[in-house]
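Just so we're aligned: the sequence shown equals residues 0 to 293 in numbering that gives the first Met the number 0.
Built from N, CA and C at the ideal position, the CB exists for glycine as well.
It should be emphasised that the depicted structure is a prediction, and the values quoted were computed from it without experimental measurement.
Heads up, the thing below is written out as structure tokens.
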Amino acid sequence: MDDLDSLARDIREAACVVALTGSGISAPSGVPTFRGADGVWDHFDEGQFTYGRFQRDPAGFWRDRLELQRALFGSSYRPNVAHEALARLGRTGPLEAIITQNTDGLHDRAANVQNDVNRSVDNDCDREYSEDGGRTNQTEPAESGETEPTDPQNASGASILELHGNAHRVVCVDCGSRTPAEPVLDRVDDGDVPPRCDCGGLYKPDVVLFGQQLSKPTLQRARSLARESDVFLAIGSSLVVEPAASLPRVAARSGATVAVVNLEETPVDRHASTVYRADVTEILPRLADLVESV
Ligand code: APR
């Protein structure tokens, strides 16, 4: 029995399977990763996109954000077979939640495209949250318009927790209303900077900016899912940005089987039960096939 067979068996026998994904799962869809060869941060400076920059120089922030968003999501892209494999695992039952660091919305698109089967599911593997959220070395959260937890229930049943928000929405920092990003980016492109809500408040991308704290419910939910998981899959992430990077260790400490799927080494590898140094598009469809094959 090779590693993947035993992981498939663990998943089949698990009460609660959770996946954490990073930009590597969207790379095969043409969405650039942040680090590694030709990563986004080779072409942009993270400092351009901090919450402090947004507050100090919203017009300059939005001009740079327009460039970043076009670089990340310019070409039309769609879910790939790895997203679809996770959607299948959500539909067939064992995958309770996908915690994603990605803001591209591809997990939700894969799940909704894949299924007309609804499945009622508990977001949290049926347990209570206990730990108070709170992120290390972060500044105070945004007053209003804070990026709230977005874990839309989708047709596949697995809840999707967008840890860093969703780049296809913007949020008003005054009234908190959310709206699609594209028309606002077009306004920026036409020189309407910084873009404002009808109430007069500034629009902010509905993502967690560097220096901004994740919302407590989001963090609490992610940590509780990790703690309650029996199998925790860390997929396509360098696992260097907190608080996502600590989730696999939380799962391991709670006795979960932790599997890492990533082309490059990660700091979590030594805490993992198994590491697949392989492409997500090779591993995940095979894993879904094995899980479904009984
Ligand atoms: N299959 C498997 N792994 C892949 C693939 C692939 N096809 N393509 C890339 N990878 C791996 C890379 O080797 C890399 O280790 O995916 C990882 C992506 O790492 P990052 O680019 O650092 O992305 P991520 O971990 O999601 O970054 C976390 O950092 O800048 C912030 O907010 C941003 O959410 C992001 C966070």
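| task | Name the two residues that bound the continuous beta strand (DSSP E) containing Thr99. | result | 94 to 99
| Going along the chain, which unbroken runs of the beta strand (DSSP E) with 3 or more residues stay wholly within the region 48 to 114? | 94 to 99
| Can you list, in chain order, the residues of its chain whose CB lies under 8 Å from that of Pro266, leaving out five sequence neighbours each side? | Leu238, Val239, Ala244
| request: Would you kindly report the start and end of the unbroken beta strand (DSSP E) that includes Glu241? | output: Run containing Glu241: none; DSSP gives neither H nor E here.
| query | Which residues in the same chain have their Cβ closer than 8 Å to the Cβ of Arg62, if we skip the five residues on either side of it in sequence? | reply | Val187, Val192
| message | Helix, strand or coil for Val30? Go by DSSP, reduced to three states. | response | coil
| request: Determine the direct distance from the alpha carbon of Ala166 to that of Val39, and round the result to whole angstroms. | output: 15 Å
| task | Answer with buried or exposed for Val279, where buried requires no fewer than 16 other C-beta atoms within 10 angstroms of its C-beta. | result | buried
| What residue does the beta strand (DSSP E) around Val259 start on, and which one ends it? | 256 to 260
| query | Quick one, are the C-beta atoms of Val207 and Gly235 less than 7 Å apart? | reply | no
| field | First through last residue of the beta strand (DSSP E) which encompasses Asp205 | value | 202 to 206
| query | Which two residues bound the contiguous alpha helix (DSSP H) that contains Ser158? | reply | Taken as a continuous stretch (DSSP letters only), Ser158 belongs to no alpha helix (DSSP H), being part of the beta strand (DSSP E) at 158 to 161.
| request: Would you kindly work out how many angstroms separate the C-alpha atoms of Val249 and Ala96, rounded to a whole number? | output: 16 Å
| task | For Asp288, count neighbouring Cβ atoms within 10 angstroms of its own Cβ and tell me buried if that reaches 16, exposed if not. | result | exposed
| Cβ contact check for the region 44 to 57 and the region 74 to 90: 3 or more pairs under 8 Å | no
| query | What's the call for Gly29, buried or exposed, on a 16-neighbour Cβ count within 10 Å? | reply | exposed
| query | With burial defined as no fewer than 16 other Cβ atoms inside 10 Å of the residue's Cβ, what is the status of Glu227: buried or exposed? | reply | buried
| query | For Leu262, is the beta carbon positioned less than 6 Å from some heavy atom of the ligand APR? | reply | yes
| message | Which residue wins for smallest C-alpha separation from Phe53, given the options Thr99, Arg64, Phe43? | response | Arg64
| Hey, would you say Ala251 sits closer than 7 Å to His270, going by beta carbons? | yes
| message | Could you check whether Arg11 and Val183 sit closer than 7 Å to each other, using their CB atoms as the reference points? | response | no
| message | Taking 8 Å as the cut-off, does the region 76 to 83 touch the region 17 to 28 (at least 3 CB pairs, one atom from each stretch)? | response | yes
| Looking at the structure shown, is Pro266 part of a helix, part of a strand, or coil, going by DSSP? | coil
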